[in-house]
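Asker: The structure is given below, and queries will be raised subsequently.
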Amino acid sequence: MTAPVLLRDVAIHPEFLSRAEQERLVADLRDCLRVAPLVTPVTPRGQKMSVAMSAAGRFGWVTDRKGYRYEERHPSGAPWPPIPDRVLAIWEAVSGSAQRPECCLINWYGEGARMGLHQDRDEADFSHPVVSISLGDDALFRIGNDRRGGKTESIWLKSGDVAVMGGAARLRFHGVDRIRFGSSTLLPKGGRINLTLRVVR
DNA sequence: AAGTTGCA
DNA sequence: ACCA
917 MTAPVLLRDV
927 AIHPEFLSRA
937 EQERLVADLR
947 DCLRVAPLVT
957 PVTPRGQKMS
967 VAMSAAGRFG
977 WVTDRKGYRY
987 EERHPSGAPW
997 PPIPDRVLAI
1007 WEAVSGSAQR
1017 PECCLINWYG
1027 EGARMGLHQD
1037 RDEADFSHPV
1047 VSISLGDDAL
1057 FRIGNDRRGG
1067 KTESIWLKSG
1077 DVAVMGGAAR
1087 LRFHGVDRIR
1097 FGSSTLLPKG
1107 GRINLTLRVV
1117 R
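Residue 981 in the working numbering is what sits at position 65 of the first sequence, and the numbering runs on without skipping anything.
Here's what the structure looks like:
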């Protein structure tokens, strides 16, 4: 395990997960997605997002014409599946938080998918970090400031990297500018899965 | 409002 | 690649 890299107060653990661990995680996630299939979310302004989304845990983050919020059920009406133990173990290893995450957002990036600069601020307590796990294709991650505007910095995240956004990084605007589609062999059809773990209440 | 585009 |  390599020492964490700091980028604008985000602690990035390169290659935190071995290839075998990544493969086991992907198998767990396939089980989750059978219960809670990926959906293409719509923003409150009616624009389709380019990422496909699902979740595990008590709460899932959702967006539609009504707004951004946490919901206890998938849009189908079914409860979200539990967060896999292997995912919880990563949180316990890096978060420094005594509380367990209540949401594991599952974002799937296909070719050309992006995530615009945004803040994670739909949670009640910002003293808990957000933990982000990268699986599959490389992603160009960008991080800025607590408010829109100003300088930003970017880094390529690779499969198995784990990023912790806590403290000064917790409310920074961040996003994904680009995916190097096909750069990893983890997912046979290509693409990237990002897991974000959060304490919601 | 977690998007999109045009321009430096 | 980056920003308004």
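Each residue gets a CB set at the ideal place from its N, CA and C atoms; glycine is no exception.
1. From the DSSP output, in three-state form, read off E988 for me.
2. Considering only the alpha carbon of each residue, which of R1108, A1040 and P920 lies closest to V1010?
3. Give the straight-line distance between the Cα atoms of A1040 and R974, rounded to the nearest whole angstrom.
4. Using C-beta distances below 6 angstroms, list every residue in its chain close to L1103, excluding the 5 sequence neighbours before and after it, in chain order.
5. Note down the Cα distance separating D1023 from T1068, rounded to an integer number of angstroms.
6. Evaluate H1034 with the Cβ neighbour count: other Cβ atoms within 10 Å of its Cβ, from every protein chain shown; 16 or more gives buried, anything less gives exposed.
7. Among the residues of its own chain, which have a CB less than 8 angstroms from the CB of P960, if the five just before and after it don't count?
8. Okay, do the segment 1014-1021 and the segment 962-972 touch, 3+ Cβ pairs below 8 angstroms being the bar?
9. Based on the DSSP output, what are the partners of P995 in its beta bridges?
10. Output the distance between the C-alpha atoms of I1049 and R1063, rounded to the nearest integer angstrom.
11. Here's a check: name, in chain order, each residue in its chain whose Cβ is nearer than 6 angstroms to the Cβ of R1108, leaving out the five neighbours to either side.
12. Between the segment 940-957 and the segment 990-1006, do three or more beta carbon pairs fall short of 8 angstroms?
13. Looking at V1115 and V1078, is the spacing between their C-beta atoms short of 8 angstroms?
14. For V1003, name the three-state secondary structure that DSSP assigns.
Answerer: Checking against the coordinates, here is how it stands:
1. coil
2. P920
3. 15 angstroms
4. G1052
5. Checking the displayed sequence, the identity of residue 1023 turns out to be Asn instead of Asp. If you take the alpha carbons of N1023 and T1068, they lie about 23 angstroms apart.
6. exposed
7. T979, D980, R981, K982, G983 and Y984
8. yes
9. R989
10. 24 angstroms
11. Y1025, G1052, D1053, A1055 and I1095
12. yes
13. no
14. helix
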